[in-house]
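> Everything in the sequence shown is counted per the numbering used here, starting at 122 for the first residue and increasing by one.
From the three backbone atoms N, C-alpha and C, an ideal C-beta is built for every residue, glycine too.
Bear in mind that the values here come from a model prediction, so they are computed numbers and not experimental data.
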Amino acid sequence: MSNNRRVGREYALKMLFALQLDEAQSEPTQVVSSFFDHFRFADDVLGEPLEDIEAPVTTAARLFAENLVKGVVEFRSVIDKRISDQAKNWSLKRMTPVDLTILRIGVYELLYQPDIPTPVVIDEAIEIAKRYGTKESPSFINGILDKIAAVAAQNK
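1. Specify whether the segment 238 to 257 and the segment 215 to 230 touch according to this definition: at least 3 beta carbon pairs, one from each stretch, less than 8 angstroms apart.
2. Under the assumption that Pro255 contacts Thr217 (Cβ atoms under 8 angstroms), give the Cβ distance between them as a whole number of angstroms.
3. With 16 other CB atoms within 10 Å as the buried threshold, where does Leu184 fall?
4. So, is Asp267 buried or exposed, given that buried needs 16 or more other C-beta atoms within 10 angstroms?
5. Would you report the Cα separation of Ser212 and Ser205, rounded to the nearest angstrom?
6. Using a 10 Å radius around the Cβ and a threshold of 16 neighbouring Cβ atoms, would you call Asp164 buried or exposed?
7. Quick one: Cα of Ala270 to Cα of Glu257, how far?
8. If I measure Cβ to Cβ from Ala208 and keep anything under 6 angstroms in the same chain, skipping five residues before and after, which residues do I get?
9. Could you work out which residue in Arg197, Asn188 and Ala250 is closest to Gln141 when comparing CA atoms only?
10. Quick one: measure Cβ to Cβ for Ile262 and Arg225, integer angstroms, because I've assumed they're closer than 8 angstroms.
11. What number of angstroms, rounded off, separates the C-alpha of Asp173 from the C-alpha of Gln275?
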């Protein structure tokens with residue numbers, strides 16, 4: 122399941138990044154649908170050869186990604202406020218789009234996915250930042266998410 126969630130997080134990152142670049146013109150459901158129209162799912166193949174497909178997506182990864190995208194879009198104002206409150210001297214506009222998107226996913230999970238342990242959320246965000254962000258991204262994301270997690274824990 123964790124691999125499905127990692128893959129789902131990475132797909133959510135890509136879809137949310139696309140939405141961020143084209144906010145005025147794209148609907149989240151349209152982006153999700155279009156994104157997944159280009160994939161075949163591992164558990165839908167039923168013995169067919171996977172000729173030109175590198176890594177088929179499982180339905181679990183797809184559903185997790187869709188949940189993350191919908192949640193981040195729905196709660197974006199709350200999420201962005203939490204990020205702004207903890208990112209001292211960093212406006213959202215100053216952050217790289219990839220870092221901001223990874224933070225939004227992490228904050229959504231911290232606030233609205235209580236079944237996922239906080240250390241897992243933070244570790245996953247750091248690993249994805251290592252793959253898609255800059256050299257500074259992992260420590261930047263770790264610092265912001267740690268602060269948000271601490272505030273969230275105090276408010277419980």
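Taking the geometry as given:
1. yes
2. As written in the sequence, residue 255 is Thr, which differs from the Pro given in the question. That pair is a contact at about 6 angstroms.
3. exposed
4. exposed
5. 7 angstroms
6. At Asp164 the pLDDT is 46, less than 50, meaning the model places this residue with poor confidence and gives no usable figure here.
7. 20 angstroms
8. Ile265
9. Comparing alpha carbon positions, the residue from Arg197, Asn188 and Ala250 closest to Gln141 is Arg197.
10. Your pair Ile262 and Arg225 does not check out as a contact, with CB atoms roughly 11 angstroms apart and the cut at 8 angstroms.
11. Interpretation of Asp173 is limited by its pLDDT of 43, a score under 50 that renders its predicted location unreliable; the figure taken from the coordinates is listed afterwards. C-alpha separation (whole angstroms): 49 angstroms.
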